[in-house]
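A short write-up of the structure that comes next.
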Amino acid sequence: MSGNVSGIGGADRSGGSAVAAAEGSAGPGGVEPGQVRRLWHLLEPLHAVLYYAPESFEEAAALGFGTEERWPSYFPYRAAPLGPVGTERVASAFYSFSPRMVDEHVGPAWRTASPQEVLAARERAVDRAYRALLGDGVAGPVMVEAAALARRAAEAAGMAGRPLAAANAALDWPEAPHLQLWHAATILREHRGDGHLAALLVAGLDPVESLVSFAAIGAASVERFESRGWSPREWAAGRERLAARGLVDGKGAATDAGRALRRRVEDRTDRLAAGPWQSIGPDAVERLASALGQFWVAVIGSGLLPSETTLGIGKV
Numbered sequence: 006m007s008g009n010v011s012g013i014g015g016a017d018r019s020g021g022s023a024v025a026a027a028e029g030s031a032g033p034g035g036v037e038p039g040q041v042r043r044l045w046h047l048l049e050p051l052h053a054v055l056y057y058a059p060e061s062f063e064e065a066a067a068l069g070f071g072t073e074e075r076w077p078s079y080f081p082y083r084a085a086p087l088g089p090v091g092t093e094r095v096a097s098a099f100y101s102f103s104p105r106m107v108d109e110h111v112g113p114a115w116r117t118a119s120p121q122e123v124l125a126a127r128e129r130a131v132d133r134a135y136r137a138l139l140g141d142g143v144a145g146p147v148m149v150e151a152a153a154l155a156r157r158a159a160e161a162a163g164m165a166g167r168p169l170a171a172a173n174a175a176l177d178w179p180e181a182p183h184l185q186l187w188h189a190a191t192i193l194r195e196h197r198g199d200g201h202l203a204a205l206l207v208a209g210l211d212p213v214e215s216l217v218s219f220a221a222i223g224a225a226s227v228e229r230f231e232s233r234g235w236s237p238r239e240w241a242a243g244r245e246r247l248a249a250r251g252l253v254d255g256k257g258a259a260t261d262a263g264r265a266l267r268r269r270v271e272d273r274t275d276r277l278a279a280g281p282w283q284s285i286g287p288d289a290v291e292r293l294a295s296a297l298g299q300f301w302v303a304v305i306g307s308g309l310l311p312s313e314t315t316l317g318i319g320k321v
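When we follow our numbering, the leftmost residue of the sequence shown carries the number 6, and every step to the right adds one.
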């Protein structure tokens, strides 16, 4: 990965040696960035099923949340570990969502149900969804091993500067192996996500620009990114700012400089996410990846998750 990250006007905004030291690198026999990204690809669907499973909508409806689309339950389910925080805190932590969209769903959320009630509902939802998807596999030896390995990694994750990961890590661990796996996957994906926001900030990409630049490299369609709630005017203004930096062309496609900047963002994200995996070592990482395979297949094969997401999994 390049030691410099281009910011506004091409200036080096990498933060120098402090950022480089925080990122770390794979030492002899260590876990390589490619393995870090592979674990993200495997764990993300196991976490994300919460936001799409019918059991999740049923639990949300029982609390009084709307279920005509996923957002009324997505925001409280994901934000509940932070406590009864308001729009500004959630918009900051979630980063790429329009504050208007956050306010629409977070504003009334804690009047509908308390964070504690939402946390209990999401655990019930995951329990039911995993049992429906995995059957007897929720208590089998492969699940037990996967949960133990993922928990080791999650408990080793550093939480400084990681608000969403820290909030989830502060929750009690559930007892059942399949719920431990989901909880570990959640901590690890939020740990990676918090680091990703740091990488975007270092690259000089604000919330709208982060989406415009990602769409520009083909991570997902512009229509998919519109789900984050930004207006056409805000999207166009973000594109204009990126064009002024030479990162997109007149049609919104990434230039060579824009593609290079996004590569540096993703590479930096991998390195910032490497700590938990370095802690358990490459052998354990490979065992976990192998164990997760059947669960990943079950979730992907269920058809619950959209074929295109804003995360760019499989495209970055």
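Glycine included, every Cβ here is placed at the ideal spot set by N, Cα and C.
- Under the Cβ criterion (8 Å, minimum of three pairs), the segment 187 to 194 does not count as touching the segment 211 to 223.
- No Cβ-Cβ contact shorter than 9 Å links E228 with R129.
- The segment 259 to 275 and the segment 207 to 218 touch, with three or more beta-carbon pairs separated by less than 8 Å.
- Runs of alpha helix (DSSP H) with 4 or more residues, each lying fully within the segment 149 to 212, are found at 168 to 174 and 182 to 207, listed in chain order.
- In this chain, G257 is not harboured by any alpha helix (DSSP H), its DSSP state being neither H nor E.
- With the rule of 3 Cβ pairs closer than 8 Å, the segment 134 to 151 counts as touching the segment 50 to 70.
- Around the Cβ of Q283, a 10 Å sphere holds 16 or more other Cβ atoms; the residue is buried.
- Shown here, V90 sits in coil according to DSSP, grouped into three states, outside any helix or strand.
- Contact between A159 and P281 is confirmed by a C-beta separation of about 6 Å, below the 8 Å threshold.
- Contact annotation: Y79 and V123 have beta-carbon atoms that are not nearer than 9 Å.
- Look at Y100 here: in three-state DSSP terms it is coil, with no helix or strand label.
- Comparing alpha-carbon positions, the option among A126, E214, P120 and A303 lying closest to A249 turns out to be E214.
- Under the three-state reduction of DSSP output, W235 falls in the coil class, being neither helix nor strand.
- Between A53 and V304, the alpha-carbon positions lie close to 10 Å from each other.
- With fewer than 16 other beta carbons inside 10 angstroms of its own, A258 counts as exposed.
- In the three-state reduction of the DSSP assignment, Y56 falls in the helix class, which pools H, G and I.
- Per DSSP, the unbroken alpha helix (DSSP H) holding P120 starts and ends at P120 to L139.
- With a contact defined as Cβ atoms closer than 8 Å, L139 and F300 qualify at about 6 Å.
- For G71, no alpha helix (DSSP H) segment is defined, and its DSSP state is neither H nor E.
- In the structure shown, G263 falls within a helical segment according to DSSP collapsed to helix, strand and coil.
- Taking the Cα of P120 as reference, the smallest distance to any Cα among G251, F99, A98 and P89 is reached at P89.
- Looking at the backbone, the Cα of H46 and that of R197 are separated by about 12 Å.
- Here the alpha carbons of L169 and E195 stand approximately 6 Å from one another.
- Annotation: R250 is outside any alpha helix (DSSP H) and is labelled neither H nor E by DSSP.
- Going by beta carbons, G251 and D211 fall outside the 9 Å limit.
- CA-CA distance, G200 to E109, rounds to 26 Å.
- Classified as buried, A171 has 16 or more neighbouring CB atoms from the shown chains inside 10 Å of its CB.
- An exposed status is given to D261, since fewer than 16 other beta-carbon atoms sit within 10 Å of its beta-carbon.
- Per DSSP, the continuous alpha helix (DSSP H) segment holding L297 begins and ends at G280 to G306.
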